[in-house]
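Below, the structure written as structure tokens:
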């Protein structure tokens with residue numbers, strides 16, 4: 001039984017999330033590759049335990065704050081997949097003394113900084129940009145990569161390998177396109193490894209694997225570590241990339257209906273930018289889409305209602321462009337579910353889950 | 368002296384915020400209109416006290432949760448400028464018993480619901496859509512407005528007047544355009560009041576006034592209440608509308624620099640969508656802009672750096688498209704300030720302020 005809803009609430013279907021975790025863990029296990037799932041999506045120690053039950057012991061996070069939180073909850077092998085933030089060196093030193101800490105380096109300056117300031121050993125990965133264009137050393141900048149590898153001369157910075165995040169796979173619109181991004185990523189990363197091997201840095205590992213690729217690709221090739229994160233909940237972006245089906249989406253936002261305007265085909269939700277985030281997709285007709293909508297069903301939510309979607313959000317309002325069929329079924333005072341465009345950002349703003357049975361699952365506290 | 372920055376932090380220039388409050392309070396006082404500032408922007412009891420020092424006693428909020436928070440901090444006249452959420456009727460009844468509560472109604476269903484379920488008197492405003500197109504009764508739907516006014520038959524629902532939010536003024540690109548939106552809004556709202564007067568609902572008040580209009584318009588005309596909110600901090604959207612200057616922006620996000628890539632004219636910040644929000648502007652060259660950047664100066668931040676801006680955000684990363692001049696001055700381990708596109712959403716995700724002297728100012732706790 002769903003808990004009574006008063007305000008926008010992240011509802012988590014635990015069975016679906018556990019199935020997503022089990023399926024991905026089994027797939028990676030079969031491939032013989034190390035599974036280091038990204039915990040930035042769920043940010044929850046309780047959900048972390050569901051991964052542990054599937055044999056996960058190594059994790060990825062995206063901030064020092066998150067590393068501290070999960071270390072405090074018993075995780076002992078944590079990679080911070082974000083460029084080293086010099087201003088948190090004191091926290092990094094405490095973590096490096098306590099756990100197996102992994103860090104990303106993409107500049108000679110940061111390599112030297114760690115050499116001077118790190119007080120306990122840490123694993124270091126060169127952050128490689130294989131085409132996403134966000135940050136990192138370009139895959140074809142052999143000179144730059146070798147310079148950083150050489151600058152990691154301190155005994156405390158142990159060069160483990162090359163790491164990338166092919167975030168452009170999120171823009172893929174088919175399984176074939178996702179597969180093509182993965183193949184290109186792996187090819188570029190492997191070439192960089194070969195060149196570094198020739199330059200005197202042998203046996204480097206490769207770490208990659210976003211959710212679209214890990215969901216779609218069957219043969220991961222010669223890599224050492226996969227780091228998907230979003231798959232625990234999936235979302236509409238992943239549907240668009242062909243990485244999941246609606247049945248795999250594990251989180252939706254329950255939103256009170258506060259007004260219905262049938263003539264304008266509009267339903268107004270208590271549920272806006274501060275509850276859903278502002279990530280959006282573009283529909284085939286060019287309109288922005290901030291979520292799809294579903295009716296309550298079977299103690300959770302049903303299939304998305306065809307022809308209805310969240311067409312706009314302001315701070316607290318969500319505006320649903322509603323089909324006739326939806327308008328016939330929905331009244332002020334009801335609850336509608338919004339399937340998120342990008343679940344990572346949606347749960348980040350809500351900062352707490354309720355399960356279908358009403359249990360509260362907290363996230364990392366902030367600030 | 369700025370506090371030491373470790374991670375993305377909302378820095379509040381208290382002097383600028385107090386000046387913004389004092390200036391707007393004085394302007395509205397001179398006009399003889401009731402000032403009911405919107406507190407959804409700052410969401411902070413401490414900042415609320417700065418308004419009280421300027422003589423403010425009536426406030427606007429955008430959720431029942433926020434009304435409860437400010438009522439608990441001594442505010443006794445609160446308008447919830449959001450369609451009544453039936454699922455929070457128990458909270459509304461407690462509030463109506465404790466304070467002067469104002470509610471928005473835009474349907475016969477909600478008017479009847481309040482008539483049946485409200486256990487203490489509340490002021491009711493008809494929510495009118497004067498052209499923004501988000502929610503409310505259309506300004507020219509006299510029949511609809513009269514039907515709702517008639518349905519407010521209970522002795523506990525006291526019809527006070529007509530209220531609108533002309534959110535489309537945020538899209539204005541000049542003071543003239545803002546003034547034109549205000550004039551149209553007032554004309555439509557006044558006509559609706561006249562028609563309701565003729566239908567037997569005399570002496571209704573008018574409530575309107577967003578930040579662009581309240582900043583730019585000199586003669587507000589025959590209205591009863593102004594409700595701007597964003598002006599306490601202002602932001603880049605308000606600059607674009609001609610509503611403020613850079614000197615009026617009271618909040619910026621201090622972000623650690625984690626990588627500098629001069630060849631790509633790129634600076635990578637620890638400061639992404641979960642710190643800045645994803646509201647954006649479109650530059651003249653068509654590129655998306657998620658913030659402008661400023662260097663630390665005079666114990667706070669300086670003028671925005673010409674030709675540099677946040678061009679992309681992911682969950683934790685902000686990517687600055689950086690000018691040569693900026694690249695010469697910035698190094699990994701420094702702190703850059705990001706001026707927010709939309710301060711309401713930025714502070715909503717950060718949920719806490721630090722003043723220039725390092726004092727922590729909390730916001731309403733959530734969840």
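Residue numbers (the numbering used here), protein chains in the order written: chain A, 1 to 367; chain B, 368 to 734.
Glycine is no exception: its CB is placed at the ideal position from the N, C-alpha and C atoms.
{"query": "Simplified DSSP state of residue 405/B, which is helix, strand or coil", "result": "strand"}
{"query": "Simplified DSSP state of residue 138/A, which is helix, strand or coil", "result": "strand"}
{"query": "Cβ-based burial, residue 158/A [other Cβ within 10 Å; buried from 16]", "result": "exposed"}
{"query": "Rounded distance between the beta-carbons of residue 216/A and residue 179/A, thought under 8 angstroms", "result": "6 angstroms"}
{"query": "Residues that DSSP places opposite residue 312/A in a beta bridge", "result": "319/A"}
{"query": "Minimum Cβ-Cβ distance from residue 506/B to chain A less than 8 angstroms", "result": "no"}
{"query": "is_contact[residue 82/A, chain B] using C-beta, thresh 8 angstroms", "result": "yes"}
{"query": "Under the three-state DSSP convention, the category residue 659/B falls into", "result": "strand"}
{"query": "For residue 528/B: DSSP bridge partner residues", "result": "492/B and 572/B"}
{"query": "Own chain, CB closer than 8 angstroms to residue 496/B, minus 5 neighbours either side, in chain order", "result": "502, 503, 504, 505, 506 and 531"}
{"query": "First and last residue of the uninterrupted beta strand (DSSP E) at residue 198/A", "result": "That residue, residue 198/A, is in no beta strand (DSSP E); its alpha helix (DSSP H) goes 175-198."}
{"query": "Chain B residues whose Cβ lies nearer than 8 angstroms to that of residue 319/A", "result": "501 and 502"}
{"query": "Distance CB(residue 227/A)-CB(residue 81/A) smaller than 8 angstroms", "result": "yes"}
{"query": "Beta-ladder partner(s) of residue 268/A, from DSSP", "result": "259/A and 319/A"}
{"query": "Residue closest to residue 69/A, alpha-carbon to alpha-carbon, out of 304/A, 299/A, 92/A and 125/A", "result": "92/A"}
{"query": "Residue 728/B (DSSP reduced to helix, strand or coil)", "result": "strand"}
{"query": "Alpha helix (DSSP H) segment containing residue 115/A, residue limits", "result": "108-117"}
{"query": "Listed by chain order, chain A residues near residue 717/B by CB distance under 8 angstroms", "result": "367"}
{"query": "Closer than 7 angstroms at the beta carbon, the chain A residues around residue 626/B", "result": "83, 106, 107 and 135"}
{"query": "Check whether residue 121/A and residue 156/A have beta carbons under 8 angstroms apart", "result": "yes"}
{"query": "Chain B within 8 angstroms of residue 119/A, Cβ atoms only", "result": "no"}
{"query": "Sub-8 angstroms separation of residue 672/B and residue 639/B beta-carbons", "result": "no"}
{"query": "Beta strand (DSSP E) segments (min. 3 residues) lying fully within the stretch 9-79 of chain A", "result": "9-12 and 59-61"}
{"query": "Alpha helix (DSSP H) segment containing residue 694/B, residue limits", "result": "691-696"}
{"query": "C-beta contact flag for residue 694/B and residue 629/B at 8 angstroms", "result": "yes"}
{"query": "beta-carbon residue 375/B near the ligand NAD non-hydrogen atom, thresh 7 angstroms", "result": "The ligand NAD is not among the ligands present in this structure, which contains no ligands whatsoever."}
{"query": "Same chain, Cβ closer than 7 angstroms to residue 270/A, neighbours up to 5 away in sequence not counted", "result": "7, 8, 255, 256, 258 and 316"}
{"query": "Whole-number beta carbon distance between residue 260/A and residue 330/A, since they are thought to touch under 8 angstroms", "result": "6 angstroms"}
{"query": "Contact list for the stretch 629-642 of chain B against chain A, Cβ threshold 8 angstroms", "result": "633, 635, 637, 640 and 641"}
{"query": "Residue 516/B and residue 563/B closer than 8 angstroms at C-beta", "result": "yes"}
{"query": "contact_flag[the stretch 398-407 of chain B, the stretch 420-436 of chain B] where n(CB pairs < 8 angstroms) is 3 or more", "result": "yes"}
{"query": "Contact check, residue 105/A vs residue 114/A, beta carbons under 8 angstroms", "result": "yes"}
{"query": "Short-range partners of chain B found in the stretch 29-48 of chain A, where Cβ spacing is below 7 angstroms", "result": "40"}
{"query": "Exposed unless 16 or more other CB atoms sit within 10 angstroms - verdict on residue 608/B", "result": "buried"}
{"query": "Member of 209/A, 277/A, 334/A and 274/A whose CA lies at the smallest distance from the CA of residue 268/A", "result": "334/A"}
{"query": "Helix, strand or coil at residue 144/A [DSSP, three-state]", "result": "helix"}
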